[in-house]
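Asks: Attaching a single structure in structure tokens format; questions to follow.
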Amino acid sequence: MYSEDDGNTWKFAEGRSKFGCSEPAVLEWEGRLIITNRVDGDRRLVYESSDMGKTWVEALGTLSRVWTNSPTSNQPGSQSSFVAATIEGKRVMLFTHPLNFKGLWIRDRLHLWVTDNQRIFDVGQISVGNEGAAYSSVLYKDDKLYCLHEVNVREVYSIVFIRLVEELRLIRSVVGTWKEEDNLLASICTPVVPAAPSSRRGCGAAVPTAGLVGFLSHRANESVWEDVYRCVNATVMHGTNVTYGFTFKGRKAGAMWPVRKQGQTQRYYFVNYRFTLVASVSIHEIPNSTRPLLGASLDSSGNRKLLGLSYDKDQRWCPMYGPTASPPTGSWKLHQTYHVALLFDQGVGSIYIDGNPLRGSGQILSGVHLEGLDVSHFFFGRYGTSDLSSDCHITVTNVMLYNRILKPSEIQTLLLSLGKTAADSESMFEKTFHGHITDMAGEHLLSGSSSQLTLQFILILLLLLSVI
1 MYSEDDGNTW KFAEGRSKFG CSEPAVLEWE GRLIITNRVD GDRRLVYESS DMGKTWVEAL
61 GTLSRVWTNS PTSNQPGSQS SFVAATIEGK RVMLFTHPLN FKGLWIRDRL HLWVTDNQRI
121 FDVGQISVGN EGAAYSSVLY KDDKLYCLHE VNVREVYSIV FIRLVEELRL IRSVVGTWKE
181 EDNLLASICT PVVPAAPSSR RGCGAAVPTA GLVGFLSHRA NESVWEDVYR CVNATVMHGT
241 NVTYGFTFKG RKAGAMWPVR KQGQTQRYYF VNYRFTLVAS VSIHEIPNST RPLLGASLDS
301 SGNRKLLGLS YDKDQRWCPM YGPTASPPTG SWKLHQTYHV ALLFDQGVGS IYIDGNPLRG
361 SGQILSGVHL EGLDVSHFFF GRYGTSDLSS DCHITVTNVM LYNRILKPSE IQTLLLSLGK
421 TAADSESMFE KTFHGHITDM AGEHLLSGSS SQLTLQFILI LLLLLSVI
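And the structure:
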């Protein structure tokens with residue numbers, strides 16, 4: 001039901017969501033309506049409408065099916081609060097929902113999430129302990145965040161009203177990170193004419209951030225490769241941290257970025273419908289047999305692939321379009337960096353290397369059933385594979401995950417920008433270093449003092465080296 005004249009008259013929308021949806025919550029987002037629905041015995045469904053409710057389309061690429069009613073997804077659902085707010089100058093959505101560990105209608109552990117319709121961050125539990133807290137309402141006003149929710153203790157119900165101080169502080173920090181990282185990527189200069197001298201290359205299109213939900217790069221420790229956007233991290237085994245990524249060497253060495261393995265709340269559920277995964281890779285050792293490089297796995301053991309890329313002892317690429325391996329194609333060289341893009345869209349898979357599609361790209365994946373498709377995780381190297389007799393030696397850096405299919409021009413932009421930060425740092429040092437030499441040479445010609453030039457040169461060189 002909606003009004004187009006400030007509430008003087010009201011109209012009923014013509015469309016409706018799927019049968020079985022109830023207790024909806026709706027908000028306006030960038031010129032369209034988004035509605036989230038309770039679903040008993042299944043995952044929550046989210047729909048979008050751009051025609052005032054005449055038609056509704058499931059938001060499979062963003063929020064639909066991310067949340068569910070319990071760890072087993074077969075319990076009663078619950079109402080949720082769903083509101084839009086502007087925090088840190090960015091429009092976001094706030095969403096509450098109980099995890100319902102106890103099952104049935106207890107619906108305990110009320111959680112709060114924040115999303116910009118791309119990234120989804122779990123702010124944490126806002127109810128107390130394991131008390132039932134099914135129904136809730138969130139209010140953001142005057143730069144303060146509140147929540148009104150019910151409490152059920154042994155069928156005795158009450159209402160509590162709380163101010164979420166620490167939660168708002170955390171939300172501000174996370175949203176600030178989203179803005180900062182997006183601005184950083186947008187500021188990278190991708191050359192219009194890569195072959196031209198640096199002063200004449202110009203700047204082309206910015207790195208695409210629309211649909212960018214996850215980015216594995218410089219933040220990491222021995223066992224965790226942190227998502228730059230602070231949402232979903234990857235797990236690392238036998239990896240050595242390098243600039244913007246990891247070198248993996250040995251048996252079971254690699255990384256795992258979870259999809260279904262995230263558990264109850266699956267923020268990357270869109271991967272079952274479409275995605276683009278981009279990464280920079282290099283191979284440091286010729287294997288005795290075919291080795292996995294990266295891809296999407298349908299099972300936790302890594303045996304069944306949805307889409308992936310391997311490499312063999314003859315230094316050829318081995319694409320995987322579905323669970324069955326395709327014939328080898330192309331070639332690779334030791335220690336050379338390649339930019340790989342995996343694209344999946346409703347059963348069609350493609351693999352690009354340095355902007356060029358591999359043989360077999362654009363085909364319908366064989367042996368893949370779209371109905372009920374359930375991707376387990378993304379893998380890099382040999383992480384999670386059942387074959388323990390072989391090892392790998394590769395480097396993976398700057399991994400980006402999009403909830404949409406990138407255009408060829410966007411893939412080319414990423415090709416020009418990946419690793420650009422490191423190159424910019426090196427060029428900045430070279431420019432500064434040579435600039436100081438030129439300046440000092442000019443001073444030397446004017447003053448005629450070679451000792452002054454040598455002393456200044458040594459001091460500035462030591463200063464620059466201490467900064468690197």
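Numbering (UniProt numbering), first residue to last: 1 to 468. Each residue gets a CB set at the ideal place from its N, CA and C atoms; glycine is no exception.
Cα-Cα, which of 162, 327, 252, 101 is closest to residue 74?
Replies: It is 101.
Asks: Considering only the beta carbon of each residue, do residue 29 and residue 44 sit closer than 8 Å?
Replies: No. Outside cutoff.
Asks: Whose C-beta lies closer than 6 Å to the C-beta of residue 23 among residues of the same chain, with five residues either side of it excluded?
Replies: Closer than 6 Å at Cβ, skipping near neighbours: 38, 79.
Asks: So, do the stretch 361-371 and the stretch 213-223 have three or more beta carbon pairs nearer to each other than 8 Å?
Replies: In short, these stretches do not touch, since the Cβ pair count stays below three.
Asks: In or out: residue 89 buried (at least 16 other Cβ within 10 Å) or exposed?
Replies: The residue is exposed, with fewer than 16 neighbouring Cβ atoms inside 10 Å.
Asks: My guess is that residue 247 and residue 395 are in contact by the Cβ rule of under 8 Å, so how many angstroms apart are they, rounded?
Replies: Yes, residue 247 and residue 395 are in contact; Cβ-Cβ is about 4 Å, under 8 Å.
Asks: Measure the alpha-carbon distance for residue 413 versus residue 11 and round it to whole angstroms.
Replies: If you take the alpha carbons of residue 413 and residue 11, they lie about 46 Å apart.
Asks: Can you check the stretch 51-81 for any alpha helix (DSSP H) of at least 4 residues that lies completely inside it and give the ranges in chain order?
Replies: Listed in chain order, nothing qualifies, since the stretch 51-81 has no complete alpha helix (DSSP H) run of 4 or more residues.
Asks: What residue range does the beta strand (DSSP E) around residue 254 cover?
Replies: It spans 254-258 - the beta strand (DSSP E) in which residue 254 sits, taken as one unbroken run.
Asks: Tell me which residue opens and which closes the beta strand (DSSP E) that residue 413 is part of.
Replies: Note, residue 413: premise wrong, no beta strand (DSSP E); alpha helix (DSSP H) at 408-417.
Asks: Look up residue 305 in the DSSP assignment and say whether it is helix, strand or coil.
Replies: It is a strand residue.
Asks: Going straight from the alpha carbon of residue 208 to that of residue 150, what length do you get?
Replies: Looking at the two C-alpha atoms, the distance is approximately 42 Å.
Asks: Straight-line CA distance for residue 355 to residue 121?
Replies: Roughly 32 Å between the two C-alpha positions.
Asks: Say whether the stretch 401-410 touches the stretch 321-337, bearing in mind that this needs 3 or more beta-carbon pairs closer than 8 Å, one atom from each stretch.
Replies: Cβ pair count under 8 Å is below three, so no.
Asks: Out of curiosity, what's the CA-to-CA distance linking residue 310 and residue 142?
Replies: Distance between the alpha carbons of residue 310 and residue 142 is about 54 Å.
Asks: Identify, in the order they occur along the chain, each residue of the same chain with its Cβ nearer than 6 Å to the Cβ of residue 437, setting aside the five sequence neighbours on each side.
Replies: Here the model assigns residue 437 a pLDDT of 33, short of 50, so the residue's position is not dependable and the matter cannot be decided.
Asks: Have a look at the DSSP bridge pairing and note the partners of residue 400.
Replies: 215, 278.
Asks: Residues in the same chain with beta-carbon distance under 8 Å from residue 131, minus the five sequence neighbours each way, listed in chain order, please.
Replies: Result list for residue 131: 108, 151, 152, 153, in chain order.
Asks: Could you check the C-alpha separation between residue 470 and residue 19 for me, to the nearest Å?
Replies: For residue 470 there is no data in the structure shown, the boundaries of the chain being 1 and 468.
Asks: Give the C-beta separation of residue 254 and residue 119 to the nearest angstrom, bearing in mind that I take them to be a contact with Cβ-Cβ under 8 Å.
Replies: In fact, because the Cβ distance is near 24 Å, the residues do not count as touching under 8 Å.
Asks: State the Cα-Cα distance for the pair residue 9 and residue 31, rounded to the nearest angstrom.
Replies: Rounded to the nearest angstrom, the two C-alpha atoms are 21 Å apart.
Asks: Which word fits residue 336, buried or exposed, when buried means at least 16 other C-beta atoms lie within 10 angstroms of its C-beta?
Replies: By the 10 Å Cβ count, residue 336 comes out exposed.
Asks: Take every Cβ of the stretch 256-266, pair it with every Cβ of the stretch 278-290, and state whether three or more of those distances are shorter than 8 Å.
Replies: No: the two stretches stay apart, fewer than three of their Cβ pairs being nearer than 8 Å.
Asks: Quick check: residue 110 and residue 84, are their CB atoms within less than 8 Å of each other?
Replies: Result no, Cβ atoms of residue 110 and residue 84 do not sit closer than 8 Å.
Asks: Taking the runs of the beta strand (DSSP E) that are 3 residues or longer, which of them lie wholly in the stretch 226-251?
Replies: Runs found: 234-237, 239-242, 245-251.
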